[in-house]
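Trainee:
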Amino acid sequence: MISRRETLRLAALGTTAILGSHPIAASAASKVRIGVLKFGTVSWELDTLKEHKFDAANGIDLDVVYFAGEDATNVAMLAGAIDIIVTDWLWVSRQRSDGGDVTLAPYSTAVGAIMVKDASPIRSITDLKGKKIGVAGGALDKSWLLIQALARRDHGLDLPAISDVVFGAPPLISEKAIQGELDAVLNFWHFCARLEANGFRRLIGADDAEKALGASGPVSALGYVFHDRWANENPQAVRGFLKASTQAKDLLAKSDEEWLRLASIVRAEGKELAKLRDRYREGIPRRPVAEEAADAGKLYRVLAGIGGERLVGSAPEMAPGTFWQEPPK
Numbered sequence: 001m002i003s004r005r006e007t008l009r010l011a012a013l014g015t016t017a018i019l020g021s022h023p024i025a026a027s028a029a030s031k032v033r034i035g036v037l038k039f040g041t042v043s044w045e046l047d048t049l050k051e052h053k054f055d056a057a058n059g060i061d062l063d064v065v066y067f068a069g070e071d072a073t074n075v076a077m078l079a080g081a082i083d084i085i086v087t088d089w090l091w092v093s094r095q096r097s098d099g100g101d102v103t104l105a106p107y108s109t110a111v112g113a114i115m116v117k118d119a120s121p122i123r124s125i126t127d128l129k130g131k132k133i134g135v136a137g138g139a140l141d142k143s144w145l146l147i148q149a150l151a152r153r154d155h156g157l158d159l160p161a162i163s164d165v166v167f168g169a170p171p172l173i174s175e176k177a178i179q180g181e182l183d184a185v186l187n188f189w190h191f192c193a194r195l196e197a198n199g200f201r202r203l204i205g206a207d208d209a210e211k212a213l214g215a216s217g218p219v220s221a222l223g224y225v226f227h228d229r230w231a232n233e234n235p236q237a238v239r240g241f242l243k244a245s246t247q248a249k250d251l252l253a254k255s256d257e258e259w260l261r262l263a264s265i266v267r268a269e270g271k272e273l274a275k276l277r278d279r280y281r282e283g284i285p286r287r288p289v290a291e292e293a294a295d296a297g298k299l300y301r302v303l304a305g306i307g308g309e310r311l312v313g314s315a316p317e318m319a320p321g322t323f324w325q326e327p328p329k
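Residue numbers (full-length UniProt numbering): 1 to 329.
1) Exposed or buried, what is L299 when buried is set at 16 or more other beta-carbons lying within 10 Å of its beta-carbon?
2) Please go through the same chain and pick out, in chain order, the residues whose beta-carbon is closer than 7 Å to the beta-carbon of F31, but skip the five residues on each side of it.
3) Please give me, in chain order, every unbroken run of the alpha helix (DSSP H) with length at least 4 that falls completely inside the segment 70–157.
4) May I ask you to verify whether the segment 208–220 touches the segment 291–305, counting CB pairs closer than 8 Å and requiring at least 3?
5) Looking at the secondary structure, which residues open and close the alpha helix (DSSP H) in which V238 lies?
6) Measuring CA to CA, which of E317, V312, Q325, E326 is closest to K142?
7) Contact between the segment 170–182 and the segment 98–107: three or more CB pairs below 8 Å?
8) Which of helix, strand or coil does DSSP assign to G168?
9) Could you tell me which of K38, F67, V92, V75 sits nearest to Y224, measuring between CA atoms?
10) Just how far apart, CA to CA, sit I204 and P160?
11) With respect to the beta strand (DSSP E) encompassing A290, which residues constitute its N-terminal and C-terminal limits?
12) What number of angstroms, rounded off, separates the C-alpha of L150 from the C-alpha of R281?
13) Less than 8 Å between C-beta atoms, sequence neighbours within five positions excluded: which residues of the same chain meet that for I122?
14) Taking all protein chains shown into account, decide if K271 is buried (16 or more other Cβ within 10 angstroms of its Cβ) or exposed.
15) Measure the Cβ-Cβ separation of H155 and I125 and say whether it is below 8 Å.
16) Give me the DSSP bridge partner(s) of F226.
17) Pick from A304, A197, M318: whose alpha carbon is nearest that of E292?
18) Leaving out five residues before and five after L157 in sequence, what residues of the same chain have Cβ atoms less than 6 Å from its Cβ?
19) In whole angstroms, what is the alpha-carbon distance linking L276 and K38?
20) Taking Cβ positions, are F188 and G134 nearer each other than 8 Å?
21) Just verifying my parser: in three-state terms, what is the DSSP assignment at A319?
22) For A206, collect the residues of the same chain with a Cβ closer than 6 Å to its Cβ; drop the 5 residues on either side in sequence, then sort them by chain order.
23) Ordered along the chain, which non-local residues of its own chain (more than five positions away) have a Cβ less than 6 Å from that of D164?
24) Rounded to whole angstroms, what's the CA-CA distance from E233 to A56? Just pull it up for me.
25) Leaving out five residues on either side along the sequence, give the residues of the same chain with a beta carbon under 7 Å from the beta carbon of L273.
Written out as structure tokens, the structure is:
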């Protein structure tokens, strides 16, 4: 979570973190500029979208701009250097609570899980007592906080207090688990899928915690984020991009051949590619946005209660407008 002061400091540095070699031009009505991480899972969908020219079919020219880190994409979008990024609704809500106008269209409900080896004696949350747990994403990771909240409510357990918790980068956390240096790991969904294909099983997913804590269905962990003002000034561009995104998702949902084409980008094959494909498909949002927004509001209150001001600032409720509702045509 970056502060306004940090945002201004980074904005002053410009967009030098952009890995692409081409300059960013002023946005035309049909041009949509999206900033993503070079090796992020969003690239799978965007590559499909571009390969099949779903952008052109929907009246837009999608310019994919690659960045070195998430903070750089956030800053570039806030500064107007790009139009769309992918991030979570907690960040969007905090920006809106601070006076910003960013909003989110659901991208993926896929979330992480606590993983253990197939032969591990750990069978439930209560078995994590005294165990060494690796957590990707840091102490304020949304999935980690939701699983903590469930452990407290249902089992009276304070996981950080009763376990040896270590934090690290996702690839390192997975590697340490494979080497047997960690008893359990909480990682991002695609790292979990790779572990599943290599002798691990899910103990409990963040999606399980979401439902247990009040969500009526899957809630997008991430969304396509943009400014309200930009959307209002470019309604056809927003609609065109979201329709193209849906078409790419629909193709990835039904075509195994498309996943074989993507194998070099996904950097997986065989059983691992199949597991990533299946987990991606499970994460495609299918519910009305209003239902997702209502459930995100419930989860926000849970997260605010356990993460406090470090996570959500001073806002006790999710900011109105966090989830974008398409205006009537």
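Backbone N, C-alpha and C fix where the C-beta goes; we use that ideal spot for every residue, glycine too.
Mentor: Walking through what the data contain:
1) On the sequence shown, residue 299 is found 299 positions in, with the first residue counted as 1. Buried.
2) Taking the sequence shown and counting its residues from 1, the one referred to as residue 31 is at position 31. The sequence shown places Lys at residue 31, rather than the Phe named in the question. Contacts found: D61, D63.
3) 70–78, 89–97, 142–155
4) yes
5) What you label residue 238 is simply residue 238 of the sequence shown in a count that begins at 1. Taken as a continuous stretch (DSSP letters only), the alpha helix (DSSP H) holding V238 covers 235–254.
6) Counting from one through the sequence shown, the residue named residue 142 turns up at place 142. Nearest option by C-alpha distance: V312.
7) no
8) The residue labelled residue 168 in the question sits at position 168 within the sequence shown. Residue state, collapsed to three classes: strand.
9) Indexing the sequence shown from 1 puts residue 224 at position 224. Cα-wise, what sits closest to Y224 is V92.
10) Indexing the sequence shown from 1 puts residue 204 at position 204. Indexing the sequence shown from 1 puts residue 160 at position 160. I204 and P160: Cα-Cα distance of roughly 16 Å.
11) Taking the sequence shown and counting its residues from 1, the one referred to as residue 290 is at position 290. From DSSP, A290 is part of no beta strand (DSSP E) but of the alpha helix (DSSP H) over 289–312.
12) As a first step, residue 150 is located in the sequence shown; it is residue number 150 there, counting from the start. As a first step, residue 281 is located in the sequence shown; it is residue number 281 there, counting from the start. In a straight line, the C-alpha of L150 is about 26 Å away from that of R281.
13) As a working mapping, residue 122 is identified with position 122 in the sequence shown. Once the five neighbours on either side are set aside, the close Cβ partners of I122 are V116, L128, K131, D183, A184, L203.
14) Translated into positions along the sequence shown, residue 271 becomes position 271. Exposed is the call here.
15) To locate residue 155, count along the sequence shown from 1; it is residue 155. To locate residue 125, count along the sequence shown from 1; it is residue 125. Yes, Cβ-Cβ distance for H155 and I125 is below 8 Å.
16) The sequence position of residue 226 within the sequence shown is 226, counting from 1. Bridge partners of F226: T103.
17) Indexing the sequence shown from 1 puts residue 292 at position 292. The candidate whose alpha carbon is nearest that of E292 is M318.
18) Here residue 157 refers to the residue found at position 157 when the sequence shown is read from its first residue. Excluding sequence neighbours, L157 sits near A151.
19) As a working mapping, residue 276 is identified with position 276 in the sequence shown. As a working mapping, residue 38 is identified with position 38 in the sequence shown. If you take the alpha carbons of L276 and K38, they lie about 18 Å apart.
20) To locate residue 188, count along the sequence shown from 1; it is residue 188. To locate residue 134, count along the sequence shown from 1; it is residue 134. Cβ distance not < 8 Å, so F188 and G134 don't count as in contact.
21) Looking up residue 319 in the sequence shown gives position 319. If DSSP states are grouped into helix, strand and coil, A319 belongs with coil.
22) Numbered from its first residue, the sequence shown carries residue 206 at position 206. V111, G112, S143, L146.
23) Here residue 164 refers to the residue found at position 164 of the sequence shown. Excluding residues within five positions, the ones whose Cβ falls inside 6 Å are K132.
24) If you number the sequence shown from 1, residue 233 lands on position 233. If you number the sequence shown from 1, residue 56 lands on position 56. E233 and A56: Cα-Cα distance of roughly 20 Å.
25) On the sequence shown, residue 273 is found 273 positions in, with the first residue counted as 1. Around L273: W259, A263, V266.
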